[in-house]
């Protein structure tokens with residue numbers, strides 16, 4: 048009997064030991080598997096990070112090498128424009144800027160700039176009335192490629208409207224909900240406006256050597272202050288180009304990013320009323 052009990056105890060103990068060994072083995076294998084999974088996940092994450100890093104480096108290299116056309120505005124007084132334009136015509140090789148006069152404006156600008164150079168037609172407005180005295184200006188779009196690659200097949204998308212009177216020498220205004228619209232607000236005008244696309248010269252990048260840094264000034268409009276427009280008016284919407292290095296088509300908005308500064312420059316031509324002179328004129332008439 049004692050032997051049977053001892054045998055049973057030994058058998059139970061053997062089973063328990065086997066169960067403990069099995070549990071220990073299972074737990075050890077589970078930890079090993081979890082460790083392997085964690086290592087695999089870490090390796091995979093490192094691969095993904097490496098791939099993303101490579102993509103970022105590639106993108107960075109593309110950005111550095113790609114063409115980057117930067118638009119901006121300049122609004123010189125009419126005589127200043129005329130003298131600069133004349134100097135460019137006489138020596139295009141050494142000029143800082145190369146002018147582009149769209150065909151929609153060419154006849155008008157060609158007719159006006161010689162008079163401006165001779166100090167004719169430089170002032171408009173009514174100095175003795177609320178409108179005040181205004182100076183004639185020319186709105187120019189400055190385009191420069193600040194990237195390494197060449198910008199080719201450059202296109203400028205503009206809104207266009209011809210003068211209601213048909214005469215470039217007669218001023219006109221674009222009506223708005225609360226008075227005439229300023230030139231910087233014409234991007235939202237629609238009635239009577241057409242949208243056209245202008246082809247512009249290529250813009251070489253810094254990798255082009257001597258041609259690098261070439262700037263173009265596109266003539267857009269003749270104005271007096273913010274709201275007085277003359278002749279046909281072009282309003283730039285966006286500029287696009289083909290990057291010769293990356294073969295990608297890129298674009299950049301124009302007016303919406305520069306409207307505030309443009310409006311400020313146009314305000315500078317609004318000289319205002321000449322109260323003292325008007326008072327003397329009235330006194331002399333009396």
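Residue numbers (our numbering): 48 to 333. We put the beta carbon where it would ideally sit given N, CA and C, even for glycine.
Is it the case that the Cβ atoms of residue i and residue j are separated by a distance below 9 Å?
i	j	result
residue 188	residue 301	yes
residue 193	residue 270	no
residue 198	residue 241	no
residue 184	residue 122	yes
residue 320	residue 174	yes
residue 148	residue 157	yes
residue 232	residue 306	yes
residue 114	residue 245	no
residue 200	residue 131	no
residue 172	residue 275	yes
residue 313	residue 272	yes
residue 182	residue 133	no
residue 282	residue 226	no
residue 318	residue 203	no
residue 262	residue 308	no
residue 291	residue 196	yes
Figure out for me which residue from the options has the closest Cα to the Cα of residue i.
i	options	result
residue 268	186, 113, 308, 201	186
residue 1	253, 171, 285	Not covered by the structure: residue 1. The range shown for the chain is 48 to 333.
residue 24	266, 230, 239	No statement about residue 24 is possible, as the shown extent of the chain runs from 48 to 333 and does not include it.
residue 293	75, 274, 325, 252	252
residue 238	229, 221, 227	221
residue 170	216, 154, 229	216
residue 135	309, 264, 325, 236	264
residue 310	262, 295, 228	228
residue 213	155, 86, 85, 137	155
Going by DSSP in three states, residue i sits in which element: helix, strand or coil?
i	result
residue 176	coil
residue 109	Since pLDDT at residue 109 reaches only 47, below the 50 mark, its modelled position is unreliable, and no value is offered.
residue 208	strand
residue 192	strand
residue 91	helix
residue 276	strand
residue 85	helix
residue 123	coil
residue 80	helix
residue 114	coil
residue 300	strand
residue 103	With a pLDDT of only 47 at residue 103, under 50, the local geometry of the prediction cannot be trusted, and no value is derived from it.
residue 159	helix
residue 137	helix
residue 198	strand
residue 182	strand
residue 169	coil
residue 153	helix
residue 289	strand
(request) Determine contact between the stretch 120-136 and the stretch 198-213, defined as no fewer than three beta-carbon pairs at a distance below 8 Å. (result) no
(request) Go through the stretch 219-271 residue by residue and report every complete run of the beta strand (DSSP E) that reaches 3 residues or more, in order. (result) 241-247, 262-271
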